[in-house]
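Each residue of the sequence shown is one higher than the one before, counting from 203 in my numbering.
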Amino acid sequence: MATDSAYGPGKLVERLPVTTGAVVGVVAHFGGLIATFLLLLADPEFEFGISRAEQVSTVDEVGWLFFSAHFARIERRASFSDVGGAGTERVNLLAETAAGFPDPVFYAVPIALLIVGGFVVSMGELWESSTKANVLAGATVAAGYFPLAAIGVVLFETQVGVGDAAFTQSPELSSTLLLVGLAYPLCFGGLGGLLADRLRLRG
């Protein structure tokens with residue numbers, strides 16, 4: 203098995219499968235949204251239309267709960283026209299949502315998909331490299347996951363009306379970029395790469 207130093211300075215970075223990782227990251231992200239939707243659809247207690255809010259699409263709800271499964275905060279900003287002026291509240295929407303399935307089921311979705319994604323990338327690339335290279339290869343799923351997390355901040359923003367109150371709800375920027383875009387894909391994608399490396403060593 204070759205070591206990182208065998209490629210010379212900078213060679214490891216050049217060899218990382220960034221394009222493959224980006225594609226797998228995109229697949230993992232959309233797979234997570236679809237899996238979250240299917241779980242909500244199958245959940246015996248969940249009803250689309252959180253708190254009977256008006257003008258909330260299914261896409262927005264799925265996006266909010268999927269991002270919440272990464273522990274990202276959902277931000278609620280009161281409209282200036284409402285009594286009391288503008289105010290901001292940041293919550294973990296998943297923890298507030300009434301669902302029949304236990305919360306850990308939803309939290310496990312992005313973790314499982316990113317580990318599998320990192321494993322797939324690492325198994326398909328750099329097969330002759332070191333443990334470090336395989337971990338880094340798995341972490342390249344962030345190249346596809348991060349842009350979609352950033353897009354989601356805008357895509358999943360909507361005006362929500364509950365009774366006479368109105369507010370804007372969307373994923374909170376900093377926790378979304380840090381947790382959804384970076385921490386989760388880097389950590390769990392890298393873990394998938396590590397598992398691939400361990401499997402090779404056992405083989």
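Don't be surprised by glycine CBs; every beta carbon is placed ideally from N, CA and C.
Fair warning: this is a prediction, and the values are worked out from it, not measured in the lab.
- Excluding residues up to 5 positions away in sequence, 264, 265, 268 lie with their Cβ nearer than 8 Å to the Cβ of residue 235 in the same chain.
- Under the DSSP assignment, residue 274 falls outside any alpha helix (DSSP H); it carries neither an H nor an E label.
- Rounded to the nearest whole angstrom, the C-alpha separation of residue 354 and residue 373 is 7 Å.
- The secondary-structure analysis by DSSP pairs residue 374 with nothing; it has no beta-bridge partner.
- A straight line joining the alpha-carbon of residue 349 with that of residue 302 spans about 32 Å.
- The region 303 to 311 makes no contact with the region 376 to 386; the number of CB pairs closer than 8 Å stays below 3.
- In the DSSP assignment, residue 291 falls within the beta strand (DSSP E) that extends over 290 to 293.
- Look at residue 300 here: in three-state DSSP terms it is coil, with no helix or strand label.
- Counting of Cβ neighbours within 10 angstroms places residue 216 among the exposed residues, the total staying below 16.
- In the three-state scheme derived from DSSP, where H, G and I count as helix and E and B as strand, residue 362 is classed as strand.
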